[in-house]
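Residue 1 is where the sequence shown starts when you use the UniProt record's numbering, and the numbers rise one by one after that.
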Amino acid sequence: MSKIGIINCYNESKECTSFGCFKAFNERVAAFENYDKDSEIICFVHCNGCSQDSIDQVLDRANRMKTKGVNTIHLATCIKLKCSFYNQFIDSLDKEFNIIGYTHDI
Numbered sequence: 001m002s003k004i005g006i007i008n009c010y011n012e013s014k015e016c017t018s019f020g021c022f023k024a025f026n027e028r029v030a031a032f033e034n035y036d037k038d039s040e041i042i043c044f045v046h047c048n049g050c051s052q053d054s055i056d057q058v059l060d061r062a063n064r065m066k067t068k069g070v071n072t073i074h075l076a077t078c079i080k081l082k083c084s085f086y087n088q089f090i091d092s093l094d095k096e097f098n099i100i101g102y103t104h105d106i
């Protein structure tokens, strides 16, 4: 069973309902197609927006998710599509977590 955390983009979260992320998980499609029925999303957070310390902020949130049992982190599709820190997030997070670089198809 996977315990999943999702990190989405703060700037996008002002407009986005996160419907696409949750729909993909609930239907087990796109980035969630290989999860069993016992897997669960237990944390959903966003970055603090584009800033010089974005990497540290995301690492801090990821470490807090780890204390709640998260073993897999999905970077939301909005981060994949719009964030200049996307590759750095993956490089920083994959030392401690199974990282999936998106959540749903567009």
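We treat Cβ as the ideally placed atom computed from N, Cα and C, and that holds for glycine.
- With 16 or more other Cβ atoms from the protein chains shown falling within 10 Å of its own Cβ, residue 93 counts as buried.
- In this structure, residue 70 sits away from residue 47, with a CB-CB distance that is not shorter than 9 Å.
- The beta carbon of residue 9 is closer than 7 Å to those of 46, 47, 76, 78, 79, 82 and 83 in its chain, skipping five residues each way along the sequence.
- Excluding five sequence positions before and after residue 99, the CB atoms of its chain that fall closer than 6 Å to its own CB belong to 73, 90 and 93, given in chain order.
- In summary, residue 97 is buried, with 16 or more beta-carbon neighbours lying within 10 Å of its beta-carbon over all protein chains present.
- If you look at residue 40, you'll find it isn't in any alpha helix (DSSP H); it sits in the beta strand (DSSP E) that goes 40-46.
- The alpha-carbon of residue 4 is positioned some 6 Å away from that of residue 40.
- Here residue 58 has 7, 47, 85, 89, 92 and 93 as same chain residues with Cβ atoms under 8 Å from its own Cβ, once five neighbours each way along the sequence are excluded.
- Within the UniProt domain "CGGC" (3-104), the complete beta strand (DSSP E) runs of at least 3 residues fall at 3-8, 40-46, 72-75 and 98-100.
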